[in-house]
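Under full-length UniProt numbering, the letters of the sequence shown match residues 1 to 98, in that order. We treat Cβ as the ideally placed atom computed from N, Cα and C, and that holds for glycine. Here's the structure we're looking at; comments come further down.
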Amino acid sequence: MEIILPPEVLRYVVEKGSVTIDGISLTVAAVTAHDFSVSVIPHTAEVTTLGSKKEGDIVNLETDIIGKYVEKLLHPQEEKKKATSPGNFWKTVDSKTP
Numbered sequence: 001m002e003i004i005l006p007p008e009v010l011r012y013v014v015e016k017g018s019v020t021i022d023g024i025s026l027t028v029a030a031v032t033a034h035d036f037s038v039s040v041i042p043h044t045a046e047v048t049t050l051g052s053k054k055e056g057d058i059v060n061l062e063t064d065i066i067g068k069y070v071e072k073l074l075h076p077q078e079e080k081k082k083a084t085s086p087g088n089f090w091k092t093v094d095s096k097t098p
């Protein structure tokens, strides 16, 4: 199974690392510049919803949080700018209001 991601999310996916797709924890088999792939064994395909997924289906994806922690430790000033920038704050609030 291959999943295409934007670069700002794909940066947190590493080969042999973990991702969760629709609540199912899987090991990443390979990562390219535009996507990543996981191997789904027959048993997992049978007992989860992954076996019924088709190309183009939308999935819930969670990356390993450790990458985000490392990024925050290596670039604390960038995190501080994101947290205190009024533009980012209001953009976030506006995008969530109906």
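- Residue range 18-21 is occupied by the beta strand (DSSP E) that includes Thr20.
- Looking at the DSSP output, Thr32 sits in no beta bridge, so it has no partner there.
- DSSP places Thr48 in the coil class of the three-state scheme, outside both helix and strand.
- Ser25 and Gln77 have their alpha carbons spaced roughly 32 Å apart.
- Pairing Glu62 with Thr32 gives a Cβ-Cβ distance that is not under 7 Å.
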